[in-house]
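Undergrad: Under the working numbering, the first residue of the sequence shown is numbered 7, with each subsequent residue one higher.
C-beta atoms are modelled at their ideal positions from N, C-alpha and C, and glycine is treated no differently.
Here the structure is a predicted model, which is why all the values come from computation and not from measurement.
Below you'll find the structure I mean.
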Amino acid sequence: MTDETKKGFWRWGFALLFVGIAAVLIKQATEETPEPSKPTFLSDLIIVTARTHARNWKVDKNTELVRMEATNSHTITVYYSLLNYDSDVSSFNLEATKSAVVNIFCDPKNFEKQSIFSLGGTYVYVFGSKNVKEIGRFEFNKKNCEGSL
Numbered sequence: 007m008t009d010e011t012k013k014g015f016w017r018w019g020f021a022l023l024f025v026g027i028a029a030v031l032i033k034q035a036t037e038e039t040p041e042p043s044k045p046t047f048l049s050d051l052i053i054v055t056a057r058t059h060a061r062n063w064k065v066d067k068n069t070e071l072v073r074m075e076a077t078n079s080h081t082i083t084v085y086y087s088l089l090n091y092d093s094d095v096s097s098f099n100l101e102a103t104k105s106a107v108v109n110i111f112c113d114p115k116n117f118e119k120q121s122i123f124s125l126g127g128t129y130v131y132v133f134g135s136k137n138v139k140e141i142g143r144f145e146f147n148k149k150n151c152e153g154s155l
């Protein structure tokens, strides 16, 4: 093999290598990225939300969000403390609270595409006070909206 033949061989080799790499990069750039699997994405979203949400956050003068927990792969539990409950037991109505919360979540203008709620996750709200560990709880998910979304 002469020097000229060797140079030609190397040129063709590099050209083919370059074309091959370019083809792979173009194919990857034009393919759509696959959607994350819904259960895994939901589970990850629940875990991240529970870990990053502020603790002991005062919602209003009577209510404090104590913490959030990722209960399982599709459920997040939110713990609230009713600050004035021990001095005025009649001031809290669990059914009225549930109705108000579900109405807020089911309002289409509050509905986000990639939220725990929209992906089929379940919320459990637990209410307690300084002296009563659990006053009441309720859970809800997208099924509670009955066609309003």
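1. Exposed or buried, THR83, counting other C-beta atoms within 10 Å across all chains shown (16 or more means buried)?
2. Can you list, in chain order, the residues of its chain whose CB lies under 8 Å from that of GLU145, leaving out five sequence neighbours each side?
3. DSSP has LEU198 in a bridge; who is on the other side?
4. Write down every uninterrupted run of the beta strand (DSSP E) in the region 105–152 whose length is 3 residues or greater and which is fully enclosed by it, in chain order.
5. Rounded to whole angstroms, what is the Cα-Cα separation between ASN147 and TRP63?
6. Which class does ALA60 belong to by DSSP, given the choice of helix, strand or coil?
TA: Reading off the structure:
1. The count along the sequence shown starts at 1 and reaches residue 83 at position 77. Buried, by the Cβ-count rule.
2. In the sequence shown, counting from the first residue as 1, residue 145 sits at position 139. Closer than 8 Å at Cβ, skipping near neighbours: THR81, THR128, TYR129, VAL130, TYR131.
3. A query on residue 198 cannot be resolved here, the shown segment of the chain reaching from 7 to 155 and no further.
4. Note on the region 105–152: whole beta strand (DSSP E) runs with a minimum of 3 residues are 128–134, 142–146, in chain order.
5. Residue 147 sits at position 141 when you count from the first residue of the sequence shown. Residue 63 sits at position 57 when you count from the first residue of the sequence shown. Each residue's Cα considered, the two are about 23 Å apart.
6. Along the sequence shown, read from residue 1 onward, the residue named residue 60 stands at position 54. Correct three-state label for ALA60: coil.
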